[in-house]
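Contents: one structure, followed by commentary.
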Amino acid sequence: MADKRIDEATGTETMGHEWDGIEELNTPLPKWWLYTFYACIAFAIGYVVVYPAIPLINGGTPGIWGWTSRGQFDKEMKAEQAERAPILAALAKTPLDQLPNDPKLMRAAIEGGAAAFKVNCVQCHGAGAAGSKGYPNLNDDDWLWGGTIDQIDYTITHGVRQAADPESHMSQMPSFGKDGILTASQIDQVVTYVQTISGQQKPSAASQAGAAIFEQNCAVCHGADGKGNQTLGAPNLTDAIWLYGGDRKDLINTVTNAHYGQMPNWGGRLDPVTIKMLAAYVHSRGGGVASPAAAPAAADAAPAGEAQ
Amino acid sequence: MNRPDPVAVDHSNEIGLYEKRKQVFPKQIDGTFRRLKWAIMAFCLLVYWGTPWIRWDRGPYAPDQAVLIDLAHRRFYMFNIEIWPQEFYFVAGLLIMAGIGLFLVTSAVGRAWCGYACPQTVWTDLFQHVDRFLDGDRNAQLRLAKAPWGPAKVARRVFKWSIYLLIAFLTGGAWIFYFADAPTLQHEFWTGQAAPVAYATVGVLTFTTFWLGGFMREQVCVYMCPWPRIQTAMLDEKSLLVTYKYWRGEPRGSVKKAEKNPDAFGDCVDCNQCVAVCPTGIDIREGTQVGCITCALCIDACDRVMGQVGRPRGLIDYTTLDDTARELRGEPHTPIRKTLFRPRTLIYFGIWAALGLGLLFMLGHRTRLDLSVAKDRNPEYVLLSSGSVRNGYTVKLRNMEDRPRKMEVTLDGLAAGSMYTDEMEATDASRKLTFEVPADETMRLRVYVTEKGPGAEGGDFSFNLRAMDKEGGTDTERTTFTTPD
């Protein structure tokens with residue numbers, strides 16, 4: 508160890524030690540750098556005091572401001588709810604069939620319904636509301652229980668085949684094969700007839716025989732012409748849409764075993780405004796039927812008649 | 002143990018890594034270039050402070066400010082030009098033009114941008130004038146800087162810094178007027194109703210102007226700015242640069258010395274006026290260097306001294322490297338026309354002008370409406386009871402005029418198709434729909450297109466948009482109709 512001295516070549520003070528002739532120059536950090544470093548330390552201490560920081564056995568230090576991420580989230584949620592309150596209040600006041608008369612409110616309802624749909628409905632009806640086998644497609648114009656905005660609202664509120672809700676849609680197709688009401692060949696004939704009225708097959712001897720069986724067993728619910736009955740939730744059998752599949756195998760299965768599709772009664776879980784918004788959204792998916800009471804909403808649309 | 006000879010390293014010409022800044026006190030000077038600098042400075046400041054206050058009548062549906070960057074509504078207004086976000090290529094084009102323009106100017110006359118038009122230069126110059134106005138010229142400033150701190154000096158400094166702060170505040174404050182209606186914002190600002198971001202912007206810009214213009218000054222040009230590094234690549238032997246003609250000036254000697262020994266000295270009288278007036282504090286006699294911002298104030302200073310001692314002007318002058326060599330060989334200079342108009346500058350100018358003309362052409366031919374179509378992917382198609390197939394689309398109609406317009410949407414192709422929106426009944430479906438699109442707005446529609454079936458065919462078709470007013474304008478967007486396999 509030598510004493511501190513000035514290095515001639517650079518004019519800088521040395522650190523005062525030497526190894527094998529190599530000396531270390533004393534070039535301290537710039538002042539601004541040091542002060543920034545000290546300021547960071549001071550900031551860190553302040554941060555620990557003010558915000559929750561030190562983990563303890565049950566939770567951590569709360570910090571003197573009492574800030575929590577959960578508290579901030581609650582605050583933001585409350586602010587958001589306060590902002591939405593006027594629209595929700597207006598929605599609560601407006602009867603459903605009057606909704607299309609107020610395009611701005613209708614638009615808000617559709618947007619809100621789209622959000623609620625993503626949370627509550629996509630599990631069965633799919634993200635695009637296209638459904639799947641056994642779960643109705645909500646985009647099309649075929650409705651089991653009616654497609655006006657009021658009817659959709661009723662179906663969402665009370666559900667389908669919910670024993671707990673006395674106002675729920677209720678109906679049950681008999682299991683014609685399983686319960687021995689019809690024989691396998693009779694089922695085969697009636698399926699041939701159904702495929703004839705839905706335009707999938709040409710009339711034949713088998714379909715003639717099936718027509719008689721249909722008349723006796725099916726026409727009560729599905730109607731003499733097979734066009735269904737929305738009061739009973741009986742599907743239209745003459746259109747192109749099949750909830751449980753429209754080919755021969757699917758139809759035989761349906762007649763033999765029957766199906767018992769259920770939908771929750773959302774009235775117990777969602778508030779009426781959310782259900783209203785859901786109804787508006789589902790109605791807007793392109794298949795909704797106009798309410799008889801509703802005034803025409805599409806004032807800006809050109810008169811029809813150019814359609815080819 | 003052997004040590005290298007300590008004298009071997011010569012540090013006299015280097016700036017030490019931790020060397021303290023030598024404050025610059027540029028001397029007042031008058032001359033051709035100083036007057037040019039005054040004019041450009043006045044013009045730049047006038048443009049900066051004045052532009053937001055120019056009114057421009059745009060009717061009831063758009064703001065009446067001639068130049069406005071309306072971030073909230075995502076519009077950019079510049080006199081009778083209105084730019085929407087999807088037309089941002091105009092702004093990109095202008096930025097590219099600015100870049101090429103910088104190349105053009107630099108390759109022709111060096112760092113002229115730095116010397117005259119750069120905001121850092123303009124504001125530094127402004128602050129230096131404040132210094133001269135309050136503290137006196139260079140010598141008085143030097144005296145004051147060296148004087149010990151006492152009540153008088155503190156008072157003078159505090160007063161000067163508050164003037165700095167006022168200028169900085171006016172500078173920072175003016176910036177926000179480009180982003181909102183200036184008279185309204187001014188009122189809101191003083192009554193405490195403006196947005197927090199407005200106050201924050203003014204605060205930040207006031208601080209940066211105060212700090213960069215009032216204190217950092219030439220250090221920004223020398224240490225912070227990347228452009229001096231790039232300019233090295235932009236300059237060539239034909240660029241006009243501020244040059245000290247060392248072959249004429251050296252060796253230096255005072256007038257008295259030169260009188261005693263004629264022929265022993267060059268023209269430079271070593272008066273140091275070129276250094277005294279330099280706003281970046283460099284000595285141009287050491288050659289072209291990074292610190293030189295080509296403001297040419299040293300030419301003014303040297304010409305004045307040469308005139309006083311009765312020697313020819315132009316000891317420091319705008320000269321190219323080529324001409325330097327020619328002058329040394331005793332040949333005449335290249336004509337200025339040939340120096341300015343050479344292949345390199347002409348190519349830059351060609352690119353610059355082509356870009357400008359291209360932008361102008363696009364500006365003249367753009368339509369003030371726009372159609373965009375996004376097809377639903379979930380579900381891709383919907384089968385209807387009748388066997389018809391329906392597809393869903395999100396259609397956006399943009400009306401970029403500042404008045405409501407009637408627009409007509411039609412289908413092209415898909416012979417058996419018709420459409421309706423989610424605000425219409427399916428029974429009112431048509432191949433032609435008209436909409437009243439509000440002024441300066443985008444109308445978002447959910448459109449359902451149905452093709453009569455059974456036997457609907459998929460494939461491509463187009464939505465067409467046509468404005469029904471006399472200005473017209475059309476747009477077409479091609480999209481796809483999907484059917485079950």
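Each protein sequence line maps, in turn, to chains U and L.
Residue numbers for the first sequence follow the numbering used here, beginning at 508 and rising by one.
Residue numbers for the second sequence follow the numbering used here, beginning at 2 and rising by one.
Think of the CB as a built atom: it goes at the ideal place given N, C-alpha and C, for glycine as much as any other residue.
Just so you know, these numbers come straight off a predicted model, no measurement behind them.
| request: Spatial neighbours of serine 419 of chain L within its chain, please: CB distance less than 7 Å, with the 5 preceding and 5 following residues excluded, ordered by chain position. | output: Ala430, Ser431, Arg432 and Thr451
| query | To the nearest whole angstrom, what separates the beta carbons of leucine 466 of chain L and methionine 408 of chain L, a pair I think is in contact under 8 Å? | reply | 6 Å
| said: I'd like to confirm the pairing. Which residues does DSSP put opposite tryptophan 526 of chain U in its beta bridges? | reply: Tryptophan 526 of chain U pairs with U:Ile529.
| How would you write the range of the alpha helix (DSSP H) that tyrosine 700 of chain U sits in, first residue to last? | Run containing tyrosine 700 of chain U: 691 to 704, per the alpha helix (DSSP H) assignment.
| request: With alanine 719 of chain U as the anchor, note down where its alpha helix (DSSP H) starts and where it stops. | output: 712 to 724
| Can you tell which of L:Gly102, L:Gln87, L:Pro120 and L:Arg112 has its C-alpha closest to the C-alpha of tryptophan 1 of chain L? | The displayed coordinates of chain L run from 2 to 486. Any statement about residue 1 of chain L would go beyond what the structure contains.
| task | Would you check if the distance between the CB atom of tyrosine 62 of chain L and the CB atom of arginine 404 of chain L is smaller than 8 Å? | result | yes
| Nearest chain L C-beta to alanine 741 of chain U closer than 8 Å, yes or no? | no
| field | Alpha-carbon spacing of glutamine 66 of chain L relative to glutamate 381 of chain L, whole angstroms | value | 46 Å
| Pick from L:Thr52, L:Glu251, L:Pro280 and L:Glu426: whose alpha carbon is nearest that of isoleucine 30 of chain L? | Residue nearest to isoleucine 30 of chain L within the set L:Thr52, L:Glu251, L:Pro280 and L:Glu426 is L:Pro280 (criterion: CA-CA distance).
| query | Sorted by chain position, which residues of the same chain lie with C-beta nearer than 7 Å to proline 681 of chain U's C-beta, five sequence neighbours on each side aside? | reply | Apart from sequence neighbours up to five positions away, the residues of its chain that approach proline 681 of chain U with a beta-carbon distance below 7 Å are Ile688 and Ala765, ordered along the chain.
| message | Using 8 Å as the threshold, is the C-beta distance between phenylalanine 464 of chain L and valine 390 of chain L below it? | response | In this structure, valine 390 of chain L does not lie closer than 8 Å to phenylalanine 464 of chain L by Cβ.
| request: Starting from serine 419 of chain L, follow the beta strand (DSSP E) in both directions and report where the run begins and ends. | output: 418 to 422
| task | Answer yes or no: does any C-beta atom of chain U fall closer than 8 Å to that of arginine 391 of chain L? | result | yes
| Hey, is the segment 590 to 610 of chain U in contact with the segment 770 to 788 of chain U, meaning 3+ C-beta pairs nearer than 8 Å? | yes
| Got a sec: is the Cβ-Cβ distance from asparagine 379 of chain L to anything in chain U below 8 Å? | Contact with chain U is found for asparagine 379 of chain L, since one of that chain's Cβ atoms lies less than 8 Å from the residue's Cβ.
| message | Can you check whether the C-beta of glycine 459 of chain L is within less than 8 Å of a C-beta belonging to chain U? | response | no
| task | Please confirm if proline 610 of chain U has its CB atom under 8 Å from at least one CB of chain L. | result | With its beta carbon less than 8 Å from one in chain L, proline 610 of chain U belongs to the interface.
| said: Quick check: the segment 268 to 287 of chain L against the segment 338 to 355 of chain L, are at least 3 beta-carbon pairs closer than 8 Å? | reply: no
| Which partner residues of leucine 364 of chain L appear in the DSSP bridge assignment? | Leucine 364 of chain L is not bridged to any residue.
| query | Between aspartate 514 of chain U and the rest of its own chain, which residues show a CB-CB distance below 8 Å, the 5 nearest in sequence each way excluded? | reply | Glu520, Thr521, Glu530 and Leu532
| query | Which two residues bound the contiguous alpha helix (DSSP H) that contains phenylalanine 160 of chain L? | reply | 152 to 176
| task | Use the C-beta contact count for proline 771 of chain U: other C-beta atoms within 10 angstroms, 16 or more gives buried, fewer gives exposed. | result | With 16 or more Cβ atoms within 10 Å of its Cβ, proline 771 of chain U is classed as buried.
| request: Report the three-state DSSP secondary structure of leucine 1 of chain L (helix, strand or coil). | output: A query on residue 1 of chain L cannot be resolved here, the shown segment of chain L reaching from 2 to 486 and no further.
| By a C-beta neighbour count over all protein chains shown, 10 Å radius and 16 as the cutoff for buried, is threonine 207 of chain L buried or exposed? | buried
| By the 10 Å Cβ neighbour count, where 16 or more other Cβ atoms means buried, how is methionine 613 of chain U classified, buried or exposed? | buried
| query | Distance, Cα to Cα, histidine 676 of chain U vs lysine 376 of chain L? | reply | 35 Å
| query | Using a C-beta cutoff of 8 Å, does glutamate 426 of chain L count as contacting chain U? | reply | yes
| request: Would you grab the beta carbon distance between serine 678 of chain U and glycine 740 of chain U for me? Rounded to a whole angstrom, and I think it's under 8 Å. | output: 5 Å
| request: For the segment 728 to 759 of chain U, enumerate the residues whose C-beta is nearer than 8 Å to any C-beta of chain L, in chain order. | output: Asn743, Asp746, Ala747 and Ile748
| the segment 141 to 160 of chain L contacting the segment 173 to 186 of chain L, beta-carbon criterion three pairs below 8 Å | Segment contact: the segment 141 to 160 of chain L against the segment 173 to 186 of chain L, fewer than three CB-CB distances shorter than 8 Å; contact not assigned.
| task | Measure the alpha-carbon distance for isoleucine 317 of chain L versus proline 227 of chain L and round it to whole angstroms. | result | Isoleucine 317 of chain L and proline 227 of chain L: Cα-Cα distance of roughly 26 Å.
| said: Just checking: is the beta-carbon of serine 1 of chain L within a distance shorter than 8 Å of some beta-carbon in chain U? | reply: Nothing in the structure corresponds to residue 1 of chain L, since chain L is present only between 2 and 486.
| field | Members of the segment 242 to 264 of chain L near chain U, C-beta cut-off 9 Å | value | none
| Pair within 8 Å by beta-carbon distance, serine 387 of chain L and asparagine 743 of chain U | no
| query | Is lysine 68 of chain L close to chain U, meaning its C-beta is less than 8 Å from at least one C-beta of that chain? | reply | The sequence as given places valine at residue 68 of chain L; lysine does not occur at that position. Not an interface residue.
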